[in-house]
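Following: one structure in structure tokens, then a few remarks.
Protein chains: 2
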Amino acid sequence: MAEPRARKDAARNREAVLAAADALFSRRASPEDVTMAEVAAAAGVGKGTLFRAFGDRAGLLRALYEARLEPLRAAIESGPPPLGPATPPRERVPALLDAALCFKLDNRSLAMALEESGGTSPYRTEHYARWHAMLRDLLERIPGLGDGDFPAHALLAATRADLVEHLAGEGRAPRERLRERLARYVERFLDSGAPVER
Amino acid sequence: MAEPRARKDAARNREAVLAAADALFSRRASPEDVTMAEVAAAAGVGKGTLFRAFGDRAGLLRALYEARLEPLRAAIESGPPPLGPATPPRERVPALLDAALCFKLDNRSLAMALEESGGTSPYRTEHYARWHAMLRDLLERIPGLGDGDFPAHALLAATRADLVEHLAGEGRAPRERLRERLARYVERFLDSGAPVER
DNA sequence: GAGAATACGGACCGAGGGTCCGCTTTTCAA
DNA sequence: TTGAAAAGCGGACCCTCGGTCCGTATTCTC
């Protein structure tokens, strides 16, 4: 369990790789054509080092993703409203989905690489489980909506990386327009079933 | 433009490949581990033939998918209600989405292979464009719902192959339960915004 | 400062998608 | 019917890429 603490050259190289990969994925259009050898070269490191540090391609992607996700995660777990835990579910759900969308917009190629690129299903990751569980719980706390499990999946599916890419890529729809459209969609769903107000 | 008509051995081989691939993809758990060489071998054909007939892996997948989709497509374009064109939008939308879900359930590995496996975005395919356009138009014909473009994407996203696989795979949720959950979700969306009746 | 532990890196491997080209089959016009 | 050009065949071959291996270099510990 306890990590025996990394040697300092190992730590340095790990950071170098992370930085290099980060840069490469931002620069390149398609995540497919960033090769592991390239990442290693860009980081000034051998392939062996890269693979020892991250296990395999998926591991590198996951580490990168997790790193970029960190601030958002913090904001959700202990930040101020509307993302933080003090927000009532009815407002927090749209806020979370908006945040997810923005994250995908800001990290398009990386998100694509992780969610789509072969082999590993995006639904089997730990962070998807977190998002889904949180959303499900919030939904079930909103009166009038019943079971939140499927809706949570369905709403998250509306923010999937390749859909976002499809809608935002090539200068199709500007960021704000997309956010608005998603917001309207979510709102419509939340308003249904519970004609509480008005 | 005009296809110069295929030679008969070419036609025969094309069918053989299609059949072999169909069988292989049904048999195998993950689409990833059906190799092109394998397909060729199973069809009793050389790799060259396979690639000449379908261009590349994605082409083969597309052709297979299109073939399996054909009956459904016919039912939608000219069949009886609730899928056919005579159905009023309010009932046709749920019917279409249910049909999409069932199709994914019945063709899990193939759908996974096509939608997910690297390179080509599932959103750039011609058949996605058809589904989306149809759904969008229907939605916009339902009073009270405004722009149907994004909702059409979002609703279709709820039937994506890997999500379906995630929910149905490993004997998690039985077919009927999934259909019901999707139906409820769609219904909730359609009921909102337009408190027409009641 | 010595020895053990750990990490380095790039040569190497295997798999799989895709191509090439000499040979066979089909087609079609005479 | 026939013969030659067009179309197709197939599997050896190539190349890229993820991943491994191992002799060498660096770091840690005492």
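For the record, the sequence lines run as chains A and B. full-length UniProt numbering puts the first residue of the first sequence at 1, with every later residue one more than the last. full-length UniProt numbering puts the first residue of the second sequence at 1, with every later residue one more than the last. For each residue, glycine too, the CB sits at the ideal point set by N, CA and C. Being a predicted model, the structure only gives us computed values, none of them experimental.
The shortest CA-to-CA distance from residue 108/B to any of 179/B, 163/B, 5/B is the one to 163/B.
Contact between the segment 127-144 of chain A and the segment 17-35 of chain B is absent: fewer than three C-beta pairs spanning the two stretches fall below 8 angstroms. One Cα belongs to residue 166/B, the other to residue 7/B, and the distance between them is close to 43 angstroms. Counting along the chain, the unbroken alpha helix (DSSP H) around residue 128/B starts and ends at 126-140. In terms of Cβ geometry, residue 47/B and residue 40/B form a close pair [threshold 8 angstroms]. For residue 122/B, the chain A residues whose Cβ falls inside 8 angstroms of its Cβ are 162, in order along the chain. For the 8 angstroms CB-CB criterion, residue 158/A and residue 139/A do not form a contact.
Of the candidates 83/B, 160/B, 134/B, 9/B, the residue whose Cα lies closest to the Cα of residue 149/B is 134/B.
Within chain A, no C-beta atom comes less than 7 angstroms from the C-beta of residue 140/B; the nearest is roughly 14 angstroms away. With its beta carbon less than 8 angstroms from one in chain A, residue 188/B belongs to the interface. Residue contact with chain A for residue 129/B: absent (no Cβ-Cβ distance below 8 angstroms to any residue of chain A).
Under the three-state reduction of DSSP, residue 34/A is assigned to coil, being neither helix nor strand. Within chain A, 185 have C-beta atoms less than 7 angstroms from the C-beta of residue 151/B, given in sequence order. Residue contact with chain B for residue 132/A: absent (no Cβ-Cβ distance below 8 angstroms to any residue of chain B).
Excluding residues up to 5 positions away in sequence, 64 lie with their Cβ nearer than 7 angstroms to the Cβ of residue 22/A in the same chain. For residue 58/A, none of the residues of chain B pass the 9 angstroms Cβ criterion, the least Cβ distance being about 13 angstroms.
In the DSSP assignment, residue 15/B falls within the unbroken alpha helix (DSSP H) covering 8-27. If the five residues before and after residue 24/B are omitted, its C-beta is found closer than 7 angstroms to the C-beta atoms of 34, 38, 39, 42, all from its own chain and listed in chain order. Residues of the segment 71-98 of chain A with a Cβ closer than 8 angstroms to any Cβ of chain B: none. DSSP places residue 87/B outside both helix and strand once states are collapsed to three, so it counts as coil. Excluding residues up to 5 positions away in sequence, 167 lie with their Cβ nearer than 6 angstroms to the Cβ of residue 173/B in the same chain. Residue 151/A: member of the alpha helix (DSSP H) spanning 149-157, first to last residue.
In the same chain as residue 57/A, and ignoring 5 residues on each side of it, the C-beta atoms closer than 7 angstroms to its own belong to 36, in chain order.
The beta carbon of residue 72/B sits closer than 7 angstroms to the beta carbons of 99, 103 from its chain, once the five residues preceding and following it are set aside; these are given in chain order. At a cut-off of 8 angstroms between C-beta atoms, residue 126/A does not count as an interface residue with respect to chain B.
Within chain A, the residues whose beta carbon sits less than 7 angstroms from that of residue 157/B are 157, 158, 160, 163, listed in sequence order.
In the three-state DSSP reduction, residue 80/B falls in the coil class, being neither helix nor strand.
Taking the Cα positions, residue 69/A is about 41 angstroms away from residue 91/B. The three-state secondary structure of residue 171/B, taken from DSSP, is helix. Using a Cβ-Cβ cut-off of 7 angstroms, residue 181/B is close to 150 of chain A, given in chain order. The Cβ neighbour count for residue 12/B, taken over all protein chains shown within 10 Å, is under 16; the residue is labelled exposed.
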